[in-house]
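These notes are about the structure you will find just below.
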Amino acid sequence: MSAARGGASPGPSAAGQQVALPTAHRGPWSEAWRRLLSNRLAVAGMATVAFLVLVAVLANLVGRSNPTFQDYSAIQERPSARHWLGTDELGRDAFSRLVHGARVSLAVGMFTQLIALSIGLPVGAIAGFAGGRTDNALMRLVDIVYGFPDLLFIILLRAVFGGSVFMIFLAIGLVVWSNIARLIRGQILTLKEQEFITAARATGGTGTHIVLRHLIPNSLGPVTVAVSFGIPRAIFTEAALSYIGIGVNPPTPTWGSMIRDGYSLIFSSPHLVAIPAVAIAVTMLAFTFLGDGLRDALDPHTRGASRLGTGR
Amino acid sequence: MLQYAVRRTLWLIPVLWGVATITFVLMHSVPGGPWDREKTLPLTVQQNLNRRYGLDKPVWQQYFRFLAGVARGDLGVSYTYQDREVVSIIAGGLPVTATVGLTAFTLAILVGVPLGLAAALRQNSLLDYVSVLFATSFASIPGFVLGILLIILFSVTLHLLPTGGWGSVKQVIMPAAALGALPAAWAARLTRASVLEVVGQDYVRTAYAKGLPDRVIYYRHILRNALIPVITIMGIELAALVTGSFIIENLFSIPGVGRLFVQGVFQRDYGLIMGSVLFYAFVVALLNLAVDLLYGVVDPRVRYR
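Residue numbers (this note's numbering), protein chains in the order written: chain C, 48 to 359; chain Y, 924 to 1228.
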């Protein structure tokens, strides 16, 4: 898998440097894209995610009927031509709710990570590189946020913000950024001690240059991995909150609330619970496969370690 | 090192103060009051209740009373469980939560680490693929989803295990499995990735070149270095197991701390909520501290300044 990666580089250490300084003719990103496409699981994950995005965008079309319409003449029906997945205890079309639930899940995954990155990346990078008092001050802030058990903090924020979808994004994003900040800082602390940074300094690189050109690019691999886990984790968090009954306000259809609504009927209509559960599982699996593929394709140090031996 | 440990431990105090303050501020900005019920209580009753719990005092007085209590280890009283102290409520649920969490954690380490190690040392073998598939699947499927699928399989279809409740060994199996699957997968993934990375390092090549026996290289050079990130993440994972299990506790109707907390949220039991958040924060902070200190013991490259 990694045999072709070193290219025509003369030796291990030289190839390692080439990875760190993206100056090759074919950019490292298009290289990475090529590698991503050669990974079958990653392509399957990407296809599933693309499919989900399509379904979410076209939910009104695909869903065929109103996900919140309660048809009291068709309560808890078996799957049929009219209701592909049957109806729930309020006569709502389960298929339509499933399709609209994808919308909420995907939005939660993406927006929370955007919020987390836009806070965590600068905080972690500044703390790790500046060190000293700045590091201390920033990391104590991170410690406090990090000290909160994630779900409890999210629940507290949710209690204050209310249960609209956007507030759920905000509540989750305002909590999970501390993971990114810690990760980046840790990466930069380790990278800072390395020879190529000394070399960059020796050749007159300024602080900003070193952070932006060397430290952050070399930390992006692990960050990509973290985000690729962060998206499904956020999806799971929303689903869990909605399952408990403190997530997105009803009647917005989400997979978590479908499980909650269906749970009392689990012995008579287990499919009402099983289908959203499987949907959550498949979505998370797809993101993980995609994330793994991204990591293999992007992360310079996994690449280094597998062949060149010049990783960290 | 010792100086670092002491300083790091003392930092717990401001961290917990921050958590307490944020929690206090958040709880006081929640719309609605603790006595909002479906049936509105008469105003005089509300006033009496407020006086009883000190809620008629100015907010800053309430804040300092709260902090003073916390400093003494008194997390206040519950507003719904008649006059019970939050500490005693938590103490009641803790053994249950800890039983499930530790069973799950043990399961995770015992399955995950050996699996990851075996996969890495036989990279690209069938064993490797199977363990990667296992790890990827269970790392992606949330515990409560797995729990639901387990219930459908073992309770609804096979009638083998009870859907929930507490008191017998049978009732621990599904929750522990549902809770432990994710950390097991994480442990396997991390161990595998970490071992693979270390195997490629120069010092491992040097060790081989020196002609050291494989066993020595495995344990002293590879495993010891590879376990650094595993320890860090698994420490956090342990914290997640202790705190994050309240979804599982709800799903399986287990009377642990997490279920009490969720009930507190529904009943607007501000006393119980603030108390249990602080309790959880304390546990998480201690675990993070332990992880940071362990990191230093295992990896001398991390310098304390």
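For every residue, glycine included, the Cβ atom is placed at its ideal position computed from N, Cα and C.
Would you kindly work out how many angstroms separate the C-alpha atoms of residue i and residue j, rounded to a whole number?
i	j	result
Ser1091/Y	Phe1175/Y	13 Å
Pro126/C	Asp140/C	10 Å
Arg1138/Y	Asp1215/Y	29 Å
Ile322/C	Arg144/C	11 Å
Leu1083/Y	Gln1094/Y	11 Å
Tyr1142/Y	Gly1158/Y	21 Å
Ala1204/Y	Leu933/Y	15 Å
Gly1035/Y	Phe1057/Y	10 Å
Val1019/Y	Gly1103/Y	16 Å
Gly1181/Y	Phe1202/Y	11 Å
Thr1003/Y	Ala994/Y	23 Å
Gly1070/Y	Ile1171/Y	7 Å
Val192/C	Phe314/C	41 Å
Leu964/Y	Thr330/C	46 Å
Tyr1227/Y	Lys239/C	Per-residue confidence for Tyr1227/Y stands at a pLDDT of 47, beneath the threshold of 50, marking its modelled position as unreliable; the derived number appears in the next sentence. Near 14 Å, if we compare the C-alpha coordinates of Lys239/C and Tyr1227/Y.
Ser85/C	Ala79/C	10 Å
Arg205/C	Met157/C	18 Å
Trp940/Y	Gln970/Y	30 Å
Pro69/C	Ser266/C	Confidence at Pro69/C is low in this model, with a pLDDT of 49, below 50, so its placement is unreliable and the value that follows should be read with caution. The straight-line gap from Cα to Cα measures roughly 14 Å.
Phe200/C	Ile215/C	12 Å
Ala71/C	Ala247/C	Annotation note: pLDDT 48 at Ala71/C (below 50); position unreliable, coordinate value reported separately. So the two alpha carbons sit approximately 18 Å from each other.
Tyr927/Y	Thr1080/Y	55 Å
Val207/C	Thr946/Y	11 Å
Val922/Y	Gly977/Y	The structure shown does not extend to residue 922/Y, since chain Y is modelled only from 924 through 1228, so no value can be given for it.
Trp224/C	Leu188/C	12 Å
Within 10 Å of its beta-carbon, does residue i have 16 or more other beta-carbons around it, so buried, or fewer, so exposed?
i	result
Val1118/Y	buried
Leu101/C	exposed
Tyr290/C	buried
Asp1125/Y	exposed
Phe276/C	buried
Ser316/C	buried
Val982/Y	exposed
Thr1129/Y	exposed
Ser1063/Y	buried
His261/C	buried
Ala1116/Y	buried
His1144/Y	buried
Asp308/C	buried
Can you list the residues of chain Y that residue i reaches, using a CB-CB cut of under 9 Å?
i	result
Arg187/C	Trp934, Pro937, Val938 and Gly941
Val102/C	Neighbours of Val102/C on chain Y: none; closest Cβ ~19 Å, over 9 Å.
Ile313/C	Ile1071, Ile1074, Ile1075, Ser1078, Val1079 and Thr1086
Ala106/C	Those within 9 Å of Ala106/C in chain Y number zero; the least Cβ separation is about 21 Å.
So which residues of chain Y does residue i contact, with C-beta pairs closer than 8 Å?
i	result
Pro300/C	By Cβ distance, chain Y contributes nothing, its closest Cβ being about 17 Å from Pro300/C, past 8 Å.
Thr253/C	Correct list: empty, because the minimum Cβ distance to chain Y is about 23 Å.
Ala79/C	What Ala79/C touches in chain Y: nothing, since even the nearest Cβ is about 18 Å away.
Leu332/C	Thr1059, Ser1060, Ser1063 and Ile1064
Val223/C	Under the 8 Å cutoff, chain Y gives no residues; its nearest Cβ is about 13 Å from Val223/C.
Val320/C	Ile1071 and Ile1075
Could you check whether residue j and residue i sit closer than 7 Å to each other, using their CB atoms as the reference points?
i	j	result
Val1023/Y	Ala1099/Y	yes
Gln160/C	Ile278/C	yes
Ala163/C	Gly220/C	yes
Ile327/C	Ala286/C	yes
Pro196/C	Val1207/Y	yes
Phe1169/Y	Phe1189/Y	no
Gly268/C	Ile227/C	no
Leu1072/Y	Ala324/C	yes
Gly999/Y	Gly1194/Y	yes
Leu1161/Y	Leu1105/Y	no
Gly1039/Y	Ala1111/Y	yes
Leu83/C	Gly340/C	yes
Phe336/C	Ala89/C	yes
Val146/C	Ala106/C	yes
Ala281/C	Val155/C	yes
Residues of chain C with CB closer than 7 Å to the CB of residue i, please, in chain order.
i	result
Phe1077/Y	Neighbours of Phe1077/Y on chain C: none; closest Cβ ~12 Å, over 7 Å.
Tyr1203/Y	Pro196 and Leu199
Val1068/Y	Ala324, Ile327 and Ala328
Please list, in chain order, the chain Y residues whose beta carbon lies closer than 7 Å to that of residue i.
i	result
Leu207/C	A small fix is needed here, since residue 207/C is Val in this sequence, not Leu. Those within 7 Å of Val207/C in chain Y are Leu949, Ser952 and Val953.
Pro317/C	Ile1075 and Val1079
Pro279/C	Ser1063
Ile306/C	Ile1071
Below 8 Å on C-beta distance, what does residue i contact in chain C?
i	result
Val1188/Y	Ile202, Ala206 and Ile293
Using the DSSP secondary-structure output, state which residues sit across from residue i in a beta bridge.
i	result
Asp140/C	Thr134/C
Val1023/Y	DSSP, once it has assigned bridges, lists no residue as partnering Val1023/Y.
Glu1008/Y	Val1000/Y
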